[in-house]
Amino acid sequence: MEWSIRAFDDADTEAVVALWEEAGLTRPWNDPRLDIQRKQAVQPESFLVAVAPASDGADAETVVGSVMAGYDGHRGWLYYLATANSHRGRGVARSLVEAAERLLAEMGCPKVQLMVREGNEAVLGFYDALGYERFSVSQTGKRLVVDA
60 MEWSIRAFDD
70 ADTEAVVALW
80 EEAGLTRPWN
90 DPRLDIQRKQ
100 AVQPESFLVA
110 VAPASDGADA
120 ETVVGSVMAG
130 YDGHRGWLYY
140 LATANSHRGR
150 GVARSLVEAA
160 ERLLAEMGCP
170 KVQLMVREGN
180 EAVLGFYDAL
190 GYERFSVSQT
200 GKRLVVDA
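Everything in the sequence shown is counted per my numbering, starting at 60 for the first residue and increasing by one.
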């Protein structure tokens, strides 16, 4: 395998933010650095990155994927699944989802869910292939902290 999966480290922050921006996951109302800080305060071991050796042969690693997982005692959730354009189609996302599912299962999590934004329906086939079921729900939300 040309990459490995490990827990996020603070030194990965800028690379992960750049990955999320490349993948179109960031939104003006969510500060990605604050999202990372918040995740590091709650179940930090379930924030995973896929890393590949640096292309210049140095000991450094390049972040090529990410997933944030969490378990609230009722359901597990996946967020910020992203793969670098340079590594799409190589199984990085599948490996990240499987690793996150293993972590959630170890916590006793009975079911994992995720949300797909409107306009990103093309990714649904990926989740179908991983055994995820589609269902219709109405989403509601309320900001408790405004990032910007």
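Ideal Cβ placement from N, Cα and C applies to all residues, glycine included.
Cut-off 8 Å between Cβ atoms - residues of its own chain near residue i, not counting five sequence neighbours on either side
i, result
"residue 172", "134, 135, 136 and 137"
"residue 182", "175"
"residue 69", "99"
DSSP beta-bridge partners of residue i
i, result
"residue 64", "109"
"residue 182", "Paired residue(s): none; residue 182 is not in a bridge."
"residue 171", "135"
"residue 13", "Residue 13 lies beyond the range of the chain shown here (60 to 207); nothing can be said about it."
Close beta carbons around residue i, own chain, < 6 Å, minus the five adjacent residues each side
i, result
"residue 201", "none"
"residue 71", "108 and 122"
"residue 67", "106 and 108"
"residue 101", "none"
"residue 74", "122"
Close Cβ partners of residue i (< 7 Å) along its chain, the five nearest in sequence each way excluded
i, result
"residue 144", "81"
"residue 154", "64 and 109"
"residue 89", "206"
CB contact flag (residue i, residue j, <8 Å)
i, j, result
"residue 78", "residue 128", "no"
"residue 141", "residue 84", "yes"
"residue 130", "residue 166", "yes"
"residue 76", "residue 91", "yes"
"residue 194", "residue 152", "no"
"residue 111", "residue 104", "no"
"residue 196", "residue 156", "no"
"residue 146", "residue 124", "yes"
Taking the runs of the beta strand (DSSP E) that are 3 residues or longer, which of them lie wholly in the stretch 101-159?
-> The beta strand (DSSP E) runs of length 3 or more contained entirely in the stretch 101-159 are, from start to end of the chain, 106-112, 120-130 and 135-142.
Is the stretch 170-187 in contact with the stretch 107-126, if contact means three or more CB pairs nearer than 8 Å?
-> At 8 Å Cβ cutoff, the stretches do not touch.
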